[in-house]
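Student:
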Amino acid sequence: MSMADYLRISKIHKDFSGLRVLEGVDLKVRESERHAIIGPNGAGKTTLFNIISGKFKPSSGAILFMEQDISGKQPHELNRLGLARSFQITNVFRELSVFDNIRSGVRSRHGLRYHFFRRPEHNRLINERTEAIVHEVGLQKVMNTPASVLSYGQQRALEIGITLSTEPKIILLDEPTAGMTREETGEAIRMIDRVTAKRTLIIIEHDMDVVFSLAHTISVLHYGKILVSDIPEKIRSDQRVKDAYLGEE
Ligand SMILES: Nc1ncnc2c1ncn2[C@@H]1O[C@H](COP(=O)(O)OP(=O)(O)OP(=O)(O)O)[C@@H](O)[C@H]1O
Ligand SMILES: [Mg+2]
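Numbered by my numbering, the letters in the sequence shown go through residues -3 to 245 in order.
(1) Excluding the 5 residues flanking ASP205 on each side, which residues of the same chain have their C-beta closer than 6 Å to its C-beta?
(2) Within a Cβ cutoff of 6 Å, which residues of the same chain sit near ARG81, ignoring the five residues on either side of it in sequence?
(3) Quick one: is the Cβ of ASN140 within less than 6 Å of any heavy atom of ligand 1?
(4) From what residue to what residue does the beta strand (DSSP E) around VAL224 run?
(5) Give the DSSP-derived three-state secondary structure of ALA143 in the structure shown.
(6) Taking all protein chains shown into account, do 16 or more other C-beta atoms lie within 10 angstroms of the C-beta of TYR2, making it buried, or fewer, making it exposed?
(7) DSSP on HIS106, reduced to helix/strand/coil?
(8) Indicate whether ALA39 and VAL88 have their beta-carbon atoms separated by less than 7 Å.
(9) What residue range is occupied by the uninterrupted alpha helix (DSSP H) comprising ALA153?
(10) Would you check if the distance between the CB atom of ILE10 and the CB atom of LEU23 is smaller than 7 Å?
(11) So what does DSSP say about ASP1, is it helix, strand or coil?
(12) On a Cα-Cα basis, can you pick out the residue from LYS221, ILE214 and GLY220 that is closest to ASP246?
(13) Pop quiz: LEU44 and LEU217 are said to be a contact at Cβ under 8 Å. What is the actual Cβ separation, rounded to whole angstroms?
(14) Nearest by alpha-carbon distance to LEU121: which of GLN136, VAL102, VAL130 and LEU135 is it?
(15) Taking only heavy atoms of ligand 4 into account, decide whether any of them is closer than 6 Å to the Cβ of PHE83.
(16) Do you know offhand how far SER13's Cα is from VAL224's?
(17) List, from N- to C-terminal side, the beta strand (DSSP E) runs of 3 residues or more that fit wholly inside the segment 33 to 117.
(18) Quick one: what's ARG30 bridged to in DSSP?
(19) Ligand 2 heavy atoms versus the CB of LYS41: any closer than 6 Å?
(20) Does the segment 175 to 183 come within contact of the segment 154 to 167, defined as at least 3 CB pairs closer than 8 Å?
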């Protein structure tokens, strides 16, 4: 397996009762890369995520993750293989504290693996992992606060924390800073940078500050196809990208 083939998406087509949304998407994501997908509203970015994360089946095409064909697999199977998508609001128990929300994810991930341990040892490991994730997402000050009273930015950080509790190899984030203030966005960039240091990230984002601060590679989705996939400096100066997308800003 070459580095370029960690996640390989080829010839993905998707239509919704006649509406052709994706028309042959090809994309390669390397291990440990932070890969941003940009493109105009309605380009099909979220649809592509829905296909990668198993919510939708592609009309045709293949997705290979570490050489295994994962297209058409159920979201929970993909989760077990190490592919995790952060969903807004879902999975968050509003009445539970930040710590307990993340702990419940860590428990369900490690429940089986540690079942041979004596119970106190098992609990200690779970609490330690939970605390580490709370710190990673920067929520240590509100660790004991119920999820329902967190600020918007903190709620989004908690969703990422819950995603991390599944110990993903690849994290998918769809517009993680949408609706945030400039200050919250700055914090979110630093947090995403931290939590993806040893992981692979695919991020959909309209905020070009976020894209250019985080991405190693940027792919531009336009009219159902990847127009270009390249390093940020090349994307910034690409005339086709300016015409298709950046020029609109
Ligand atoms: N479940 C669905 N059923 C029918 N049409 C859909 C469905 N999901 C998406 N579409 C259509 O597919 C097209 C692409 O939508 P998608 O949400 O993937 O775009 P996007 O690139 O994420 O846009 P945005 O930047 O606004 O989030 C749109 O025309 C949308 O209406
Ligand atoms: Mg979208």
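Glycine residues also receive a C-beta, built at the ideal position from the N, C-alpha and C atoms.
Tutor: Short version:
(1) Cβ within range, chain order: n/a, list empty.
(2) Hits under 6 Å: SER49 and LEU168.
(3) Remark: the shortest separation between the CB of ASN140 and any heavy atom of ligand 1 does not fall under 6 Å.
(4) Per DSSP, the unbroken beta strand (DSSP E) holding VAL224 starts and ends at 221 to 226.
(5) Of the three classes helix, strand and coil, the one that applies to ALA143 here is helix, per DSSP.
(6) Counting Cβ neighbours within 10 Å, TYR2 comes out buried, since at least 16 surround it.
(7) Judged by DSSP in its simplified three-state form, HIS106 adopts helix.
(8) In this structure, the beta-carbon distance from ALA39 to VAL88 does not fall below 7 Å.
(9) Taken as a continuous stretch (DSSP letters only), the alpha helix (DSSP H) holding ALA153 covers 148 to 160.
(10) In the sequence as displayed, the identity of residue 10 is Lys instead of Ile. No.
(11) ASP1: helix per DSSP, three-state reduction.
(12) Nothing about residue 246 can be read from this structure; the chain reaches only from -3 to 245.
(13) That pair is a contact at about 7 Å.
(14) Residue VAL102 holds the alpha-carbon nearest to the alpha-carbon of LEU121 among GLN136, VAL102, VAL130 and LEU135.
(15) Ligands present in the displayed structure are limited to ligand 1 and ligand 2, and ligand 4 is not among them.
(16) Inter-residue distance for SER13 and VAL224 is about 28 Å (C-alpha atoms, whole angstroms).
(17) Complete beta strand (DSSP E) runs here, min 3: 56 to 61 and 79 to 81.
(18) Answer is LEU197, bridged to ARG30.
(19) Answer for LYS41: yes, Cβ within range of ligand 2.
(20) Judged by Cβ distances under 8 Å, the segment 175 to 183 makes no contact with the segment 154 to 167, as fewer than three pairs qualify.
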